[in-house]
Amino acid sequence: MKRNLVLGVSGGIAVYKALEIVSLLKKKDINVDVIMTESATKFVTPLSFQSLSQNMVTYDMFAEPKAWEIQHISLAEKADLFLVAPATANIIGKIANGIADDMLSTTIMATKAKVIFAPAMNTNMYDNPIVQDNIKKLKSFGYEFIEPAEGRLACGTTGKGKLESPEVIVDRVLMELNDKKDLVNKNVVVTAGPTIAPVDPVRFITNRSTGKMGYAIAKEARNRGANVTLISGPTSIEVPKNINIVKVSTNEEMKKAIMEVYDHADIVIKSAAVADYKPKNYSTQKIKKGDNDLCIEFTRDSDILMELGEKKDKQILVGFAAESQDLKENAISKLQRKNLDYIVANDITANDTGFASEDNKVIVLSKSGKEIYLDKMSKEKIASNLFDIILEKR
Ligand code: CTP
Numbered sequence: 001m002k003r004n005l006v007l008g009v010s011g012g013i014a015v016y017k018a019l020e021i022v023s024l025l026k027k028k029d030i031n032v033d034v035i036m037t038e039s040a041t042k043f044v045t046p047l048s049f050q051s052l053s054q055n056m057v058t059y060d061m062f063a064e065p066k067a068w069e070i071q072h073i074s075l076a077e078k079a080d081l082f083l084v085a086p087a088t089a090n091i092i093g094k095i096a097n098g099i100a101d102d103m104l105s106t107t108i109m110a111t112k113a114k115v116i117f118a119p120a121m122n123t124n125m126y127d128n129p130i131v132q133d134n135i136k137k138l139k140s141f142g143y144e145f146i147e148p149a150e151g152r153l154a155c156g157t158t159g160k161g162k163l164e165s166p167e168v169i170v171d172r173v174l175m176e177l178n179d180k181k182d183l184v185n186k187n188v189v190v191t192a193g194p195t196i197a198p199v200d201p202v203r204f205i206t207n208r209s210t211g212k213m214g215y216a217i218a219k220e221a222r223n224r225g226a227n228v229t230l231i232s233g234p235t236s237i238e239v240p241k242n243i244n245i246v247k248v249s250t251n252e253e254m255k256k257a258i259m260e261v262y263d264h265a266d267i268v269i270k271s272a273a274v275a276d277y278k279p280k281n282y283s284t285q286k287i288k289k290g291d292n293d294l295c296i297e298f299t300r301d302s303d304i305l306m307e308l309g310e311k312k313d314k315q316i317l318v319g320f321a322a323e324s325q326d327l328k329e330n331a332i333s334k335l336q337r338k339n340l341d342y343i344v345a346n347d348i349t350a351n352d353t354g355f356a357s358e359d360n361k362v363i364v365l366s367k368s369g370k371e372i373y374l375d376k377m378s379k380e381k382i383a384s385n386l387f388d389i390i391l392e393k394r
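Have a look at this one:
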């Protein structure tokens, strides 16, 4: 993973969102050097960016240098990736026309790193043919863009021009900085989240899975160049870009979705927490309360992973084992019973890892007898280690 991002901040109301971008990137251990235009400093002070990035912020071309290095050249060379967010019509116009008259435009001109613009401006301004022409011209030179979103803009109008959400922008940055491209041309299928078993039109049975682990795996596969299909149960996670997402609710829907793509899959990772049982009789009317206790009879539903194991051909099949006791023994038994290549054993009783938390701590077991302990770390890092293991890089 490359780690140096230079963030160019140009002056628009969305500057405050760039603070969130810096904060999210720092949490992912990315070093962020910020360059602000003078107008950006009128919206948010350099001190805010300095505090969050823990680096000096550059904005004055002619300030006394702190060390003997020419700032715009050293940052231009240091950048593994250059992001301009928010990018105003002005900075887009300057670069498209070769104007370098402040620290940000000069550094963009001097860098050999990939430059991505995330525009934010009034809808009419964005639609202006001059701006569109500049964007087209920059694209033809290899500059990339994160399209602005639609919504209510600060000026009160509604339309295209909102800075894309910090989460989506950060996701794109992490994808670009990931230099492991060892899944190019591979079809990776991931299942994530819970499934639900409906009881009546208003009630259902489900579990505590949030989908975070599965989404992290899908994104890691995408970042390494795979063609990813993510079959997701209900979650509140934003749909990641450049991933084929299939949203499902029940065990039956998940099974149907995975069977449709299984034959062409190279790697299948089943991190979803699938419901094993469903009510025997679904009530088409809302069940009314009575004076007595209520008993719902459950019937067994499909074990999707077991069926995938039986059908397995060339696929690398990876399961998860959510256990509250005898972690390793239960996981090994599932690995063998379901004909898996790997199983990720997850202790769900720990408070600071597992369901709903940002971190996880797992043991990865292989059918060839490998046992790899991944101590508490972010779900993104678990995902990265998991692919290193599957691709036999560790
Ligand atoms: N799984 C599945 N279909 C099910 C249940 C589980 O495909 N009906 C998959 C999960 O996605 C996971 C693995 O099987 O990859 C193990 O799931 P887990 O819930 O840990 O185990 P179960 O097989 O349900 O067994 P148990 O309930 O006895 O722990």
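The sequence shown begins at 1 in UniProt numbering and counts up by one. Idealized CB from N, CA, C, for every residue including glycine.
Using beta-carbon positions only, say whether residue i and residue j come within less than 8 Å of one another.
i	j	result
F117	V84	yes
A273	N207	yes
I35	G12	no
T88	M61	no
T106	A100	yes
I217	I258	no
G309	N339	yes
I91	N134	no
A265	Q315	yes
M56	D179	no
K255	S302	yes
I73	A110	yes
Under 8 Å by Cβ, that's how I've got residue i and residue j pegged, so tell me the actual separation to the nearest angstrom.
i	j	result
Y16	E38	Actually they are not in contact, since the Cβ atoms of Y16 and E38 sit about 17 Å apart, beyond 8 Å.
K225	K278	In the sequence as presented, Lys is not what sits at residue 225; that position holds Gly. Contact doesn't hold; Cβ gap of about 38 Å is too wide.
K241	V344	No, K241 and V344 are not in contact; Cβ-Cβ is about 25 Å, not under 8 Å.
N251	I304	7 Å
S10	L104	7 Å
E20	P166	4 Å
E380	E220	7 Å
S271	F320	5 Å
V190	V228	7 Å
A14	L163	4 Å
V22	F43	About 14 Å separates the two Cβ atoms, so there is no contact after all.
Does residue i pass the burial test, meaning 16 or more other C-beta atoms within 10 Å, or should it be called exposed?
i	result
S236	exposed
T349	exposed
G142	exposed
P201	exposed
L47	exposed
N187	buried
S51	exposed
P86	buried
K136	exposed
D102	buried
L294	exposed
A149	exposed
I332	buried
I95	buried
A322	buried
E334	The identity of residue 334 in the sequence shown is Lys, whereas the question assumes Glu. So K334 ends up on the buried side.
P194	buried
G214	buried
A383	buried
Skipping 5 residues on each side, what residues in its chain have a beta carbon closer than 8 Å to that of residue i?
i	result
L5	L25, I30, N31, V32, D33, A79, D80, L81, F82, L83, V173, L177
I196	F204, I205, T206, G233, P234, S249, T250, A275
V199	I205, P279, Y282, S283, I287, I296
residue 399	The structure shown does not extend to residue 399, since the chain is modelled only from 1 to 394, so the question has no answer here.
Take residue i and list the residues in its own chain whose beta-carbon comes closer than 7 Å to its own, dropping the five residues that flank it on each side.
i	result
V364	Y342, V344, I372, L374, L386, I389
T123	L153, T157, G159, K160, G161
T353	D359, N360, K361, K376
Q325	none
T299	Y277, K278, K280
If I measure Cβ to Cβ from residue i and keep anything under 6 Å in the same chain, skipping five residues before and after, which residues do I get?
i	result
M175	N223
L75	V6, D33, T107
E147	none
V318	I269, Y342
K247	S232
E151	The amino acid occupying residue 151 in the given sequence is Gly; Glu does not appear at that position. Hits under 6 Å: K162.
residue 395	In the structure displayed, the chain extends from 1 to 394; residue 395 sits before or after that span and is not available.
I267	V188, I316
V184	G225
D127	none
Is residue i close to chain D? Criterion is C-beta to C-beta, closer than 8 Å.
i	result
T41	Within the model displayed, chain D is absent; a lone protein chain is all it includes.
- May I have all residues whose beta carbon comes closer than 5 Å to any heavy atom of the ligand CTP, sorted in chain order? Residues lining the ligand CTP by the Cβ criterion, that is a Cβ closer than 5 Å to any of its heavy atoms, are K270, A272, V274, D276, D303, I304, L305, G319, F320, A321, A322 in chain order.
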